[in-house]
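Just so it is clear: in the sequence shown, position 200 is 620 by this note's numbering, and no numbers are missing.
All residues carry an ideal CB built from backbone N, CA and C; glycine is no exception.
Predicted, not measured: the structure shown is a model, and the values here were computed from it.
A quick write-up on the structure given underneath.
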Amino acid sequence: MKILRVIWWIIGGCLALGMILSGYGGLVCPTRSAIFPIFAMTFPFWVVGMIVYMIVSIWVRRWAIVLGAATMVVCAQPLWNYCPLNFVTPKVTPEEMADRGFTLLSYNTLNFRPWDGKYGPDSLSRTISYILEMDADLAALIECEVDTEYKPWSIKRVQTDSLKAVYPYHHLDGRGNSLWSKMMFRNIKLPVPETYHGVLTAYRVWIHMRPVTVCVVHMSSFSMNDSDKALYKNLTTIEGNKTLEGVRSQLLHKLAAAFRRRARQVEVLIDFINRMGGENVIVCGDFNDIPGCWAIRQLEEKAGLQDVYTQLCWGPGWTFFTNNMYFRIDHVLYRGDLHPVKMMRGTRKTSDHLPLLVDFIFNEK
């Protein structure tokens, strides 16, 4: 029994170490070492393992619960980043929203194509119908390359005309980022280097007589092909132990390269925000990275931005869901004389991402 107790404490120590290192892996710059940012992606698994450990400890070794509780306290910040528990949210009247509020939609649309291959009635795009239904004042759409009828993707003119009727002001950058607005705005030409390897666009929008800079980002993905996705999917199933060698040789170098690219991309974004962003700034889009990652931490520390999800929402709230990859990689951050009062994560699976709809309000009329 003594040996079993020692083994149980060793298991608890390994879980605690893994949870702490993965929880704070986003503090390490990927250009120095990509191991910790990659390890940070495993944080939810360590949390689940520690919870199971604490429950079993009730019968095996009750004092081991103290180790689990202490680890949870140490990891309070990454736990909140992943799974905030905001039971109370600000109350705003419709009159206040009309006077000094606006809604923002951030959505990776997959070029309006259905992720499951299923179209709506009359072969219409369910994604476009969903966007029209949400009726945001500003719609930052990622992977949106066409604004007119395009038969190869089954995009019909009747729907694009409806989008243009709701959003008379819109801009497509030609690389997938776009802004659709009910208010006038102008596109800001950014000095993005050719080595950026991502998509970054910025707009100056006038809302209730105030300028707001909206940055729409699509940071580098992991560039996973079908073989990579199948490998990851097998890794998350019962047969996963057979694919570990493939993970080391096929996936890890792609993950490391993507983390390094995003670290350089966020430097460009921060430089623009601090030089030209102005007081009121919103950054939204597909970061292709998890809560508490290096990019978000840098935006919070060096550009003074705050994450909307951790302030208003409840639960983990993943926004990407295909191939057993359940991650929250779409984010909305802000700073200035405005604050968010409501955030809704969409639940309708039309694209391979879920949308984020945020209600903002200015602090004074």
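Do Gly705 and Val637 come within 8 angstroms of each other at the CB atom, strictly closer than that value? Taking 8 angstroms as the cut-off, the beta carbon of Val637 is found closer than this to the beta carbon of Gly705.
How about Gly443 and Cys503: are their beta carbons less than 8 angstroms apart? The Cβ-Cβ distance between Gly443 and Cys503 does not fall below 8 angstroms.
For Phe747: DSSP bridge partner residues: Paired residues: Phe740.
Alpha carbon to alpha carbon, how far is Leu435 from Leu544? Give it in angstroms, no decimals. Note on geometry: alpha-carbon atoms of Leu544 and Leu435 lie some 49 angstroms from one another.
Exposure of Asn681, with buried meaning 16 or more beta-carbon neighbours within 10 Å: One point to set straight first is that residue 681 is Arg, not Asn, in the sequence displayed. Burial is judged here by how many other beta carbons sit within 10 angstroms of a residue's own beta carbon; Arg681 has at least 16 and is buried.
Does the Cβ of Leu651 have 16 or more other Cβ atoms within 10 Å, making it buried, or fewer, making it exposed? Below a pLDDT of 50, predicted positions are generally treated as unreliable, and Leu651, at 48, falls in that range; the measurement from the model is reported next regardless. It is buried - the Cβ of Leu651 has at least 16 other Cβ atoms within 10 Å.
Put Tyr754 into one of helix, strand or coil per three-state DSSP. In the structure shown, the three-state DSSP call for Tyr754 is strand.
So, are the CB atoms of Ala454 and Ala676 less than 8 angstroms apart? Result yes, Cβ atoms of Ala454 and Ala676 sit closer than 8 angstroms.
For the beta strand (DSSP E) that Trp429 lies in, which residues bound it at each end? If you look at Trp429, you'll find it isn't in any beta strand (DSSP E); it sits in the alpha helix (DSSP H) that goes 422-443.
For the pair the segment 453-468 and the segment 422-442, tell me if three or more CB-CB distances fall below 8 angstroms. Put simply, the segment 453-468 touches the segment 422-442. At least three CB pairs are less than 8 angstroms apart.
Look up Asp542 in the DSSP assignment and say whether it is helix, strand or coil. Looking at Asp542 - three-state DSSP - the assignment turns out to be helix.
Does the beta-carbon of Gln685 have 16 or more other beta-carbons within 10 angstroms, so that it is buried, or is it exposed? With a 10 Å radius around the Cβ and a threshold of 16 neighbouring Cβ atoms, Gln685 comes out buried.
Please look up how many angstroms separate the CB atoms of Val625 and Ser598, rounded, as I've assumed it's under 8 angstroms. Actually they are not in contact, since the Cβ atoms of Val625 and Ser598 sit about 13 angstroms apart, beyond 8 angstroms.
Report, in whole angstroms, the separation of the C-beta atoms of Pro450 and Ala723, which I expect to be a contact under 8 angstroms. In fact, because the Cβ distance is near 18 angstroms, the residues do not count as touching under 8 angstroms.
Closest to Phe604 by C-alpha separation, out of Met629, Arg748, Leu610, would be which residue? The sequence given here has Met at residue 604, not Phe. Of the candidates Met629, Arg748, Leu610, the one whose C-alpha sits nearest the C-alpha of Met604 is Met629.
Sub-8 angstroms separation of Asp709 and Gly521 beta-carbons: Not closer than 8 angstroms, so no.
By Cβ distance, which residues of its chain are closer than 6 angstroms to Arg606, with the 5 residues on each side in sequence left out? Answer for Arg606: Arg624, listed in chain order.
Whole-angstrom C-beta distance between Thr739 and Ile789, which should lie under 8 angstroms: The chain is shown only over 421 to 785; residue 789 falls outside these bounds and no answer can be derived.
Counterpart residues of Gly705 in DSSP-defined beta bridges: As a beta-bridge residue in DSSP terms, Gly705 pairs with Val637, His751.
Helix, strand or coil at Asp593 according to DSSP, with G and I counted as helix: Secondary structure of Asp593 (DSSP, three-state): coil.
Best match in Leu552, Pro572, Leu776, Glu563 for proximity to Thr580 [C-alpha to C-alpha]: For Thr580, the nearest C-alpha among the options comes from Leu552.
Is Arg520 helix, strand or coil by DSSP? The answer is helix: DSSP assigns Arg520 an H, G or I state.
With 16 other CB atoms within 10 Å as the buried threshold, where does Gly766 fall? With a 10 Å radius around the Cβ and a threshold of 16 neighbouring Cβ atoms, Gly766 comes out buried.
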